[in-house]
Each structure stands twice: as structure tokens, then as C-alpha cells.
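Below is one structure, written out as C-alpha cells; the observations come after it.
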Amino acid sequence: MPQHTLDLEIDHLISRSILECGPRTSVSEVVAMMAQRSCSSIVVVDQGQVVGIWTERDALALGEMG
């Protein structure tokens, strides 16, 4: 096991429980999903393909989570 956190492989640090939504999901629904799971980002998936990521920062820019 590496001695320093920065030496760890990212595989040991990532979450396996990924929050996802479709591209037609409303902002209010996404904000609620993120709040319920205490998650700061959500992966947008369309027909099994990742098409983007939406973050708490994006929501704050819209004033939805402020």
C-alpha cells in the first residue's frame, strides 16, 4: 500500500455508486436527486452513452441550490 494518498491509484478512491439521469430530466429533479444522495455531481446518460456531467457548481450558477 502506498505511503502517501497522492500515490494511491484513483481506483481506490472513486465512488462505485454513480448518480445518473437522462438529458431530458428537469433541473429541479436533478437538484433533488443530488440533494437526496448528498452528491455534488450527476452523469448525464443518453441511450447508454455518457453525454455529460452536471455539477453542484452548475446548479449554483443557475441559482437552484443557493
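Per the working numbering, the sequence shown starts with residue -2, numbered consecutively.
Glycine included, every Cβ here is placed at the ideal spot set by N, Cα and C.
Cβ neighbour criterion (16 or more within 10 Å) applied to I75: Residue 75 is absent from the structure shown; the chain starts at -2 and stops at 63.
Write down every uninterrupted run of the alpha helix (DSSP H) in the region -1 to 57 whose length is 4 residues or greater and which is fully enclosed by it, in chain order. Segments of the alpha helix (DSSP H) lying fully in the region -1 to 57: 24 to 33.
Beta-carbon proximity list for G63, same chain, < 7 Å, skipping 5 on both sides: Here residue 63 is taken as the residue at index 66 of the sequence shown, counted from 1. Low confidence applies here, because G63 scores a pLDDT of 49, under 50, leaving its location unreliable and the question unanswered by this model.
Which residue's Cα is closest to the Cα of S14: D55, L59, R54, S35? Here residue 14 corresponds to residue number 17 of the sequence shown, with the count starting at 1. Ranking the options by Cα distance to S14, first place goes to S35.
Burial state of I39 (16 or more Cβ within 10 Å): To locate residue 39, count along the sequence shown from 1; it is residue 42. So I39 counts as buried.
When you compare each of G45, L59, V41, G60 to W51 by their alpha carbons, which one comes out closest? Walking along the sequence shown from the start, residue 51 turns up at place 54. Nearest of G45, L59, V41, G60 to W51, Cα basis: V41.
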